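Protein chains: 2
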Amino acid sequence: MHITTRIIPQSQPSIGIIGGGQLGKMIAQEAKRMSLKVHILDPDPECPASSLADDLIVADFRNQTAIRNLSDLVDVLTYEIELADSDVLIDLSRAKKAIHPAPETLKIIQNKYRQKVFLQEKNLPVPNFALVEDIDGSTNNAVLKHFPLVLKACENSYDGRGNRLIYEKEEITNVASEKSFGKWMVEEIIPFRKELSVMVARNESGQVSSFPVAENKHSDSILDTTLVPARISKCTERMARDIAERTVDVLKGSGIFCVEMFLAENEKILINEIAPRPHNSGHYSIEGCSISQFEQHIRAILNLPLPKPQLMSPTVMVNILGPKEFEGEYYLDGLNELLTIDGLKLHLYGKRISKPRRKLGHVTITAASISDAIDRSKKAKSNLRIMNKI
Amino acid sequence: MHITTRIIPQSQPSIGIIGGGQLGKMIAQEAKRMSLKVHILDPDPECPASSLADDLIVADFRNQTAIRNLSDLVDVLTYEIELADSDVLIDLSRAKKAIHPAPETLKIIQNKYRQKVFLQEKNLPVPNFALVEDIDGSTNNAVLKHFPLVLKACENSYDGRGNRLIYEKEEITNVASEKSFGKWMVEEIIPFRKELSVMVARNESGQVSSFPVAENKHSDSILDTTLVPARISKCTERMARDIAERTVDVLKGSGIFCVEMFLAENEKILINEIAPRPHNSGHYSIEGCSISQFEQHIRAILNLPLPKPQLMSPTVMVNILGPKEFEGEYYLDGLNELLTIDGLKLHLYGKRISKPRRKLGHVTITAASISDAIDRSKKAKSNLRIMNKI
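These protein sequences, in sequence, are chains E and F. Start counting the first sequence at 66; every next residue gets the next number (this note's numbering). Start counting the second sequence at 66; every next residue gets the next number (this note's numbering).
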């Protein structure tokens, strides 16, 4: 008898995840260790999390009926994708379905302008910013003091999509007419020494717990490398963690959040972005910490205790991105050399198609020192190549 | 559209595992991180690994047709269960299917007498032993020098099944007449200071790599706790690792092996048992080492490089066994208290029914020191209770 269906004993606690990409996959991985059931909703039947889902609902993220069906099947609902229809989620939460983080939180965060206004009102440090439509003929806006500025779409922009550099005030009106992105905002560019991020979890009991501070390097607006511990002073570390915890404190809802920050030239810390979900810059925690961001997220949404994550060893994560040269099926070259490297864990998300700069996986290296880990990560990058399978 | 089947793109490398218990589940867990496909064969459609399998063949382990079908579907076949029909596996290996470890190796190990003879011939240290039918009227056998002895079934005995303590030579004939266990052997009992084990992997290129030495405590012949690093001298550690590596060297085949040893009162190390698979005493490696026994097993059977596993921090593993009081469905009590413990990872295998002493899961604790880890493990044991769900 050959079976490819799953049997799901209804007595198990179960988690529903809107979004079956690599974040959903890694949440599912931790859930499975603890024998929790996982239901995934995603439009792609071959999405990364499909190989771990007990149950896969193939539907678009804006399919209200499908999302309601999912919420009926599970004990708690969460989402990895910020494009989830926040109105649908708000409906569900009014119907008293457990959804984390709270849809009201998602609504604030999804709009970058709304997000910055919210943080500023709570006295949290953000770069100067303004809504494009609020910029009048005068030059009073503090944000216009230094060019270039970054012009951002208020909604639906991530990994650099929708960001433009603006060198003159006149350019603003030209670019902002791209109606497909809705409203626009401008923000001052912070000359930063480092980009930092901290994962922070909060559960319904109000317990808040933050992870160590990560140092991130981006390449063309996509995360390339994460180093933990960040190479900063102890004081800066405490400050970054404190700002991150305060940020999550003021947002409603449970789950894990990523607070991305700039460490400015003048040592000031400014909040850059917030994501109400596990984050690329937190993947290092799977091997590097006493608890991973994914398990912490699960614990937070189930209102379980949130221990304080300890960094177990210096850790470096390097993203594996689709090369710019092709789009299509691929294979990995240099695997044998890559796998000789000590302390290396290879994560492949199982995406069938490579596209330029698509996140296909990552490599995490733990070592006795951060410089060892960095050296090995360079070796890993030089060994591993994504090749077109023609 | 609601899908509960998996789509398996045939281009992915795939692993077949005979046995879908917790070992198969944990192998599958590591395989999934690297986007490998996993096909499982097990008679139980709800076995622990079913929740991670891309494909589940429900069949008995002695079903030759089903095992051949499995081997046709995958690139490499391995097995977690020692009851696999070694004759079937030998057939398959002659048909040039890749099976690891080699069925010839399994045949040696499956029979405890044959195993001990093999090791002794290779000058590896074992306790005195003899086949019951070889024990004659005289008292010449070295093994009969000190009573009590342990009487073991040569085949199909694990976790203490089939073991008896013998206080007088006359008892031997009485007990050995239980024909269901086949042949019997007797072995001297080693007054040991500690029970140790070392996981050792070998790939087809002949590379051998051992894990740190674990210290194990058993309760009623079932593993209760594993502590790493073992509390032994550096010299004893080197000796144990050396004996374990030499043991795996002389066995044919690739994969990971567990070499269980006694540290005798006189500081001698003697081999107790060998298992040609990942082992309960190696679960600590998931969190405690730079690579887990499960990933090392996968690398070994795919002939990938085998790095030397580093112990990242002191680690203690505690088994979660079904209580003696009932057999039936269960739930966990004390979870909230348990999950307040720092550095704790909960593994639940997803077995629906608890039986007395059945392995339902384990808890692994990493800490700054072994004594910290031990303290927390005691707290974990006192917090967690398996309750009958009536």
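Note that the Cβ used here is the ideal one computed from N, Cα and C, for glycine as well. Keep in mind it's a predicted model, so treat the numbers as computed, not measured.
Rounded to the nearest angstrom, the gap between the Cα atoms of F/Lys443 and F/Ile385 is 13 Å.
As a beta-bridge residue in DSSP terms, E/Asn384 pairs with E/His427. Residue burial is scored here from C-beta neighbours: E/Gly86 has at least 16 other C-beta atoms within 10 angstroms and is therefore classed as buried. Three or more beta-carbon pairs drawn from the segment 423–431 of chain E and the segment 368–388 of chain E are found closer than 8 Å, and the two stretches are therefore classed as touching. Taking C-beta atoms as the reference points, F/Phe391 and F/Phe327 fail to come closer than 8 Å.
In the DSSP assignment, F/Met264 falls within the beta strand (DSSP E) that extends over Phe257 to Arg267. The beta carbon of E/Tyr414 sits closer than 8 Å to some beta carbon of chain F.
Here F/Glu325 is not near F/Glu253, since their CB atoms are 8 Å or more apart. Secondary structure note for F/Ser284: its beta strand (DSSP E) is the uninterrupted segment Ala279 to Ser284.
The residues Pro168, in chain order, have a CB closer than 6 Å to that of F/Ile155 in the same chain once the five nearest residues on each side in sequence are set aside.
The alpha-carbon of F/Ser434 is positioned some 38 Å away from that of F/Glu111. Neighbours of F/Ser378 in chain E, taken as residues whose beta carbon is under 7 Å from its own, are Met377 in chain order. Taking 9 Å as the Cβ-Cβ cut-off, the segment 98–125 of chain F approaches chain E at Arg98, Met99, Ser100, Leu101, Lys102, Val103, Pro110, Glu111, Pro113, Ser115, Ser116, Leu117, Ala118, Asp119, Asp120, Leu121, Ile122, Val123 and Ala124, given in chain order.
Scanning chain F for C-beta atoms nearer than 8 Å to the C-beta of E/Asn401 yields Leu369 and Pro370, reported in chain order. Nearest Cα to F/Glu310 within the set F/Pro294, F/Asn331, F/Val278 and F/Thr291: F/Val278. Judged by beta-carbon spacing, F/Leu121 lies within the 8 Å limit of F/Ile105, meaning their Cβ atoms are closer than that value. A straight line joining the alpha-carbon of F/Lys181 with that of F/Val273 spans about 22 Å. If you ignore the 5 residues before and after E/Leu142, its C-beta comes within less than 6 Å of the C-beta of Gly81, Ser136 and Ile164, all in its own chain and listed in chain order. Going by beta carbons, E/Tyr349 and E/Thr380 fall inside the 8 Å limit. Straight-line measurement puts the Cα of E/Gly393 at about 44 Å from the Cα of F/Met382. Less than 8 Å separates the beta-carbon of E/Ser378 from that of E/Thr431. Under the Cβ distance rule, E/Leu404 counts among the residues neighbouring chain F, one pair being separated by less than 8 Å.
E/Gly408 has a beta carbon lying within less than 8 Å of a beta carbon in chain F. Only residues of its own chain outside the window of five on either side were considered, and among them Ile255, Pro256, Phe257, Arg258 and Leu335 have a CB closer than 8 Å to the CB of F/Ala329, listed in chain order. If you compare the alpha carbons of E/Ala131, E/Ile132, E/Gln129 and E/Ala93 with that of E/Ser115, the shortest gap goes to E/Ala93.
Residue-level contact by beta carbon holds for E/Leu411 and chain F, with a gap shorter than 8 Å.
Check the Cα spacing between F/Met99 and each of E/Ile231, E/Pro113 and E/Ile308: the tightest is with E/Pro113. If you look at E/Lys446, you'll find it in the alpha helix (DSSP H) that goes Ile435 to Asn448. By the criterion of a C-beta distance shorter than 7 Å, E/Val315 is surrounded in its chain by Lys187, once the five residues flanking it on both sides are discounted. By the C-beta density criterion, F/Lys317 is exposed, having fewer than 16 other C-beta atoms within 10 angstroms. In the three-state reduction of the DSSP assignment, E/Asn337 falls in the strand class. Within the same chain, Cβ atoms closer than 7 Å to the Cβ of F/Ile174 are found at Gln180, Ile339 and Pro341, the five residues on either side in sequence being excluded.
For E/Arg229, the beta-bridge partners assigned by DSSP are E/Leu216.
Rounded to the nearest whole angstrom, the C-alpha separation of E/Ala207 and E/Tyr232 is 16 Å. In the three-state reduction of the DSSP assignment, E/Lys410 falls in the strand class.
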